[in-house]
Structures are given as C-alpha cells and as structure tokens.
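Below is one structure, written out as structure tokens; comments come after it.
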Amino acid sequence: MTRNVPHSLRSDARDNRDRLLDTAQALFSTEGLTVPMREIARRAHVGPATLYRHFPTKESLVTAAFADQLRACQDIIDRASTDPDPWHGLRQVIENICELHARDRGFTEAFLSAYPRATTVTAGRDHMLKVIADLAHRAKLTGHLRPDVVPDDLILMLLANKGIQTASPAAQVAASRRFAAFVIQALTNCPHNTPLPPPARLTPTEQDTPRTS
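Numbered according to my numbering, the sequence shown terminates at residue 194, and the numbering increases by one at each position without gaps.
In structure tokens:
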C-alpha cells in the first residue's frame, strides 16, 4: 500500500503517522466510523496531541485512511467506463465494488454517507456515481440492462451489501460475490421482468452522516 507522506516529516513523525493510519484503517474496517479519536490514538500507542497534530479533524483522518480504497474504487469504475461493451463494464463494476466494500465496513460507511467535509471522499463518490450513471445509460441502449433501473439503485445495492453479516472476512466476501450475482440477474433485461415499484431517493446527503467525535 502506498501513501502520500509529506517529505518534510522526520522519520519518527512519519512512523507515528503510518501507525495512526494503520490503526485507523483496522478499526474503521471492523467497527465503522464511530471509533473515537482518542481510542485510535491509544491503540496506535501515541498521545492524542500527536494524533491531532497529524490529523486535526476526524474528517482528515477518514480521508487519509481511505485514500487507497478510494483510488481502487475509482480505478474499477474508470476501467469499466472504457469497456466497449457497457453491459459487461457495468457487471464488472457491480462485482468488484461489492467485493471491495465487503472487505472494508468503514470505507462503505464513508462512501455512502459522504462524511462531512471529507471532500476527497465526497467528490470521489459523486464522480463515480456520475460515471456509473452514464455507463448504465449506455448499457440500457444495448438492450441488456432493464430500462427501469435508476442511479439510486446502486446506493440501494451497496446498502444491502453492507448489511451482510458473516462469521469471517472470507465468508463476507463469498456472500458478497453471490449477492452481486443475484443483483446482476435482477438487473438483466428479460421478457418476463415485471415492473419495479417507484424508485426511492437514496443518494447520501450530509444530514444522513453519522456524527462522531
């Protein structure tokens, strides 16, 4: 995993920063974004002052902790958007994004909630949703994607994928892969499809964001 670390930091400061990020990633992944900042500092074996010197706000820590996951998510979607077969590209997005989010609960929460003032996560999410909406539009034109699918159905899919609870990370990924296969079948345009209920507005907003300290 590569990180953008300020070159001006001393080696001990860089070690502290890396340890804080490793700890935050691990805790966010298993416990979500509600982990207190002081608990992250304690688990990283540094004082709160050291934590706040590197990351003055929870938002700045969330952004830094999920930078690699966000880039991976963007890469998946950007590659799919250039696929000459948009339906194949959309299926790849569903499979890969579900697995990526299944591996990291904290990233799913940050992505879905647009964590306040974590502008990198918010901007990245909004860009990805726009790219996926365009990909879905082109997939509809091929006749493979059912015509009543709307962009917010992606959020519905991620919310459902987030709700999968298993006994181990391996089982979580396996269940998520099976769920993605069900989703793809449900989205496939078939003659026997029945009309869907009206769509719900699910795109995250700031008021949906969990308040943490």
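All C-beta atoms, glycine included, are put in the ideal place defined by N, C-alpha and C. Note that the structure is predicted; figures quoted are calculated from it, not measured.
Review point. Along the chain, where does the alpha helix (DSSP H) that runs through His163 open and close?
Key: For this step, residue 163 is matched to residue 182 along the sequence shown. Rather than His, the amino acid found at residue 163 in this sequence is Phe. That run of the alpha helix (DSSP H) goes Pro150 to Leu168.
Review point. First and last residue of the alpha helix (DSSP H) that includes Arg19?
Key: As a working mapping, residue 19 is identified with position 38 in the sequence shown. Element bounds for Arg19: Met18 to Arg24.
Exercise for review: Measure the beta-carbon distance from His82 to Leu135 and round it to whole angstroms, keeping in mind my assumption that it falls under 8 Å.
Suggested key: Reading the sequence shown from its first residue, position 101 is the one you call residue 82. Reading the sequence shown from its first residue, position 154 is the one you call residue 135. Contact doesn't hold; Cβ gap of about 11 Å is too wide.
Exercise for review: Return yes when the Cβ of Pro180 is within less than 8 Å of the Cβ of Val131, no when it is not.
Suggested key: On the sequence shown, residue 131 is found 150 positions in, with the first residue counted as 1. On the sequence shown, residue 180 is found 199 positions in, with the first residue counted as 1. Yes; because the gap between Cβ atoms is below 8 Å, this pair is in contact.
Point to revise | Chain-order list of residues whose beta-carbon lies under 7 Å from that of Gln55 (same chain, five-residue window excluded) | key: Looking up residue 55 in the sequence shown gives position 74. Gly105 and Met109, listed in sequence order.
Exercise for review: Mark Thr(-17) as exposed unless 16 or more other C-beta atoms lie within 10 angstroms of its C-beta, in which case mark it buried.
Suggested key: Residue -17 sits at position 2 when you count from the first residue of the sequence shown. Annotation note: pLDDT 47 at Thr(-17) (below 50); position unreliable, coordinate value reported separately. Result: exposed.
**Study point:** First and last residue of the uninterrupted alpha helix (DSSP H) at Asn174
**Key:** For this step, residue 174 is matched to residue 193 along the sequence shown. Looking at the DSSP string, Asn174 is not in any alpha helix (DSSP H), and its letter there is neither H nor E.
Exercise for review: Taking only the alpha-carbon atoms, compute the straight-line gap between Val102 and Leu32 and give it to the nearest angstrom.
Suggested key: Position 121 of the sequence shown, counted from the first residue, corresponds to residue 102. Position 51 of the sequence shown, counted from the first residue, corresponds to residue 32. Roughly 21 Å between the two C-alpha positions.
Check your understanding: Which of the three DSSP states, helix, strand or coil, is assigned to Leu14?
Key -> Along the sequence shown, one-based indexing puts residue 14 at 33. Looking at Leu14 - three-state DSSP - the assignment turns out to be coil, as it is neither helix nor strand.
Review point. In whole angstroms, what is the alpha-carbon distance linking Ala143 and Cys79?
Key: Here residue 143 is taken as the residue at index 162 of the sequence shown, counted from 1. Here residue 79 is taken as the residue at index 98 of the sequence shown, counted from 1. One detail in the question is off: residue 143 reads as Lys in this sequence, not Ala. Spanning the two alpha carbons is a distance of roughly 9 Å.
Practice item. Would you mind working out which of Glu40, Arg0, Asp64 and Leu93 sits nearest Ala22, comparing C-alpha positions? Key: As a first step, residue 22 must be located in the sequence shown, where it is residue number 41. Of the candidates Glu40, Arg0, Asp64 and Leu93, the one whose C-alpha sits nearest the C-alpha of Ala22 is Arg0.
Check your understanding: When the Cα atoms are used, what is the spatial distance from His118 to Ile58?
Key -> Numbered from 1 along the sequence shown, position 137 holds the residue referred to as residue 118. Numbered from 1 along the sequence shown, position 77 holds the residue referred to as residue 58. Cα to Cα, His118 sits roughly 14 Å from Ile58.
Check your understanding: Expressed to the nearest angstrom, what Euclidean distance is found between the alpha-carbon atoms of Val43 and His125?
Key -> Within the sequence shown, residue 43 is the residue found at index 62, counting from 1. Within the sequence shown, residue 125 is the residue found at index 144, counting from 1. So the alpha carbons of these two residues sit roughly 37 Å apart.
Check your understanding: Assuming Phe88 contacts Gln50 under a Cβ cut-off of 8 Å, what Cβ separation, rounded to an integer in Å, is found between them?
Key -> Residue mapping note: residue 88 aligns to position 107 of the sequence shown, counting from 1. Residue mapping note: residue 50 aligns to position 69 of the sequence shown, counting from 1. Indeed they touch by this definition, with Cβ atoms about 4 Å apart.
Check your understanding: Hey, quick one: how far does the alpha helix (DSSP H) through Thr89 stretch, first residue to last?
Key -> The residue you call residue 89 lines up with position 108 of the sequence shown. Arg86 to Ser94 is the extent of the alpha helix (DSSP H) around Thr89.
**Study point:** With 16 other Cβ atoms within 10 Å as the buried cut-off, status of Leu116
**Key:** Counting from one through the sequence shown, the residue named residue 116 turns up at place 135. Buried is the call here.
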